[in-house]
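One structure below.
Residue numbers (our numbering): 664 to 1005.
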């Protein structure tokens, strides 16, 4: 009888669960599970995966690479992802929403409703989204002796922001026009990682563990802390996820990547006491997920890895080679094989 690796439910519907959410690309012979119940599948999709696929650097990569979603006109850059204009001029520092125009495949940006203040005698502009204006204490120092810029569409948005500023005690003396930007506009994106995103990453890692091993292994009590973290948001006594810019693949650096595909690696930690998973979506950030810092049974080989090639829509096997096993600081050499479907 099937049993859910998360809530341990039996005798219910078990839909296909993708190890990596379909929102990050479709692949031939994709990695799927049949041990996640329908309730957990639906809950994770709504509470965890939406945050990961819409409000992260990885979500921005989806748009830049043209990976289609159900809602093709969805704009990102408001909640957990802060996207700002870096071009010199009136718009420097303004927050924008980004989306892909499906009619021509271009990536476009649109300013969010916001206000910028600059104190007289200062050079830096300080930008506040419309909802930030509901907390007057955040922009109180700009009520007097400051320049103000308001951005928003349509005209009703501008009037609404003006009313909020006036109610907050700001007095306008004159109005001017913004400079127009034509063509490409450089932007900078800064992420804000919170629990739903980290839990979503942990779920991918745990899914891969279950795929590489089996249901019985994933149900071991050694994994109860990360299971509870994914399901309930209860943080384990150890740091479940660490994030770095260090690439997973050998011969890569922070400035050179040989693939923009996804990489996931399952292996023992350096001390060979616990099981870890390295995950990099679009080969950008590397998430180090501690699935079990102290495994209670006998050590056995568990190393496994996959590369999800976005160009060929194939999945290939990759493995790590431990160098100098007697050295607790040993490094792992992980290389990408020649393209071939797995």
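Every residue, glycine too, gets a C-beta built ideally from N, C-alpha and C.
Quick caveat: nothing in here was measured; it's all calculated off a predicted structure.
- Hey, residue 938 and residue 965 are a contact pair by Cβ (cut 8 Å); roughly how many whole angstroms apart? The beta carbons of residue 938 and residue 965 sit about 7 Å from each other, so the pair counts as a contact at 8 Å.
- Message: Mapping the DSSP letters down to three states, classify residue 701 as helix, strand or coil.
- Response: Three-state DSSP puts residue 701 in a helix.
- Go ahead and label residue 900 buried or exposed: buried means 16 or more other beta carbons lie within 10 angstroms of its beta carbon, across all protein chains shown. Classification for residue 900: exposed.
- Task: Determine the extent of the alpha helix (DSSP H) in which residue 871 is found, giving its start and end residues.
- Result: First-last of the alpha helix (DSSP H) with residue 871: 858 to 875.
- Item | Reduced DSSP category for residue 907 - H, G, I as helix; E, B as strand; rest coil | Residue state, collapsed to three classes: strand.
- In three-state terms, what does DSSP make of residue 670? Coil.
- For residue 849, I'd like the list of residues in its chain whose CB is within less than 8 Å of its CB, leaving aside the five on either flank, ordered along the chain. Within the same chain, residue 849 has close Cβ partners 748, 749, 750.
- Cα separation between residue 785 and residue 753? So the two alpha carbons sit approximately 15 Å from each other.
- Query: How would you call residue 906, buried or exposed, if buried means at least 16 neighbouring beta carbons within 10 angstroms?
  - Reply: Classification for residue 906: exposed.
- Query: For the candidate residues 774, 681, 672, whose alpha-carbon lies nearest to that of residue 871?
  - Reply: Relative to residue 871, the option among 774, 681, 672 whose CA is nearest is 681.
- Task: Find the nearest neighbour of residue 875 within the set 980, 858, 791, judged by alpha-carbon distance.
- Result: Comparing Cα positions, the closest option is 980.
- Item | Backbone secondary structure at residue 807 - three-state DSSP | Note: residue 807 maps to coil in three-state DSSP.
- Task: Determine the direct distance from the alpha carbon of residue 957 to that of residue 762, and round the result to whole angstroms.
- Result: Taken atom to atom, the span from the alpha-carbon of residue 762 to that of residue 957 is near 43 Å.
- Measure the C-alpha to C-alpha separation of residue 1009 and residue 716 and round it to an integer number of angstroms. Examination of residue 1009 is not possible in this model, given that the chain is present from 664 through 1005 alone.
- Item | Residues bridged to residue 963 [DSSP beta-bridge criterion] | Paired residues: none, contrary to the question.
- Item | With 16 other Cβ atoms within 10 Å as the buried cut-off, status of residue 811 | The residue is buried, with at least 16 neighbouring Cβ atoms inside 10 Å.
- Minimum length 3: unbroken beta strand (DSSP E) runs contained in the stretch 762 to 796: Counting only runs that start and end inside the stretch 762 to 796, the beta strand (DSSP E) elements of at least 3 residues fall at 769 to 774, 777 to 782, 789 to 792.
- Query: Under 8 Å, do residue 690 and residue 978 count as touching if we go by C-beta distance?
  - Reply: In this structure, residue 978 lies closer than 8 Å to residue 690 by Cβ.
- Task: Going by CA-CA distance only, name the one from 928, 946, 676, 904 that's closest to residue 916.
- Result: Nearest C-alpha to residue 916: 946.
- Expected contact under 8 Å - CB spacing of residue 678 and residue 708 to nearest Å: The C-beta distance from residue 678 to residue 708 rounds to 10 Å, too long to fall under 8 Å, and the pair is not in contact.
- Item | Secondary structure of residue 884, DSSP reduced to three states | Residue state for residue 884 is assigned as helix, using DSSP reduced to three classes.
- Query: Between residue 664 and residue 694, what straight-line distance do the alpha-carbon atoms span, to the nearest angstrom?
  - Reply: Roughly 21 Å separates the two Cα atoms.
- Residues near residue 727 in its chain [Cβ-Cβ closer than 7 Å; skip 5 each side]: Hits under 7 Å: 770.
- Based on Cα-Cα distance, which residue from 823, 948, 817, 755 lies nearest to residue 910? Among 823, 948, 817, 755, the Cα nearest to that of residue 910 is on 948.
- Item | Rounded separation between residue 675 and residue 688 - CA only | One Cα belongs to residue 675, the other to residue 688, and the distance between them is close to 28 Å.
- Residue range of the alpha helix (DSSP H) that residue 829 falls in? Counting along the chain, the unbroken alpha helix (DSSP H) around residue 829 starts and ends at 818 to 830.
- Query: With respect to the alpha helix (DSSP H) encompassing residue 726, which residues constitute its N-terminal and C-terminal limits?
  - Reply: Unbroken alpha helix (DSSP H) run through residue 726: 720 to 728.
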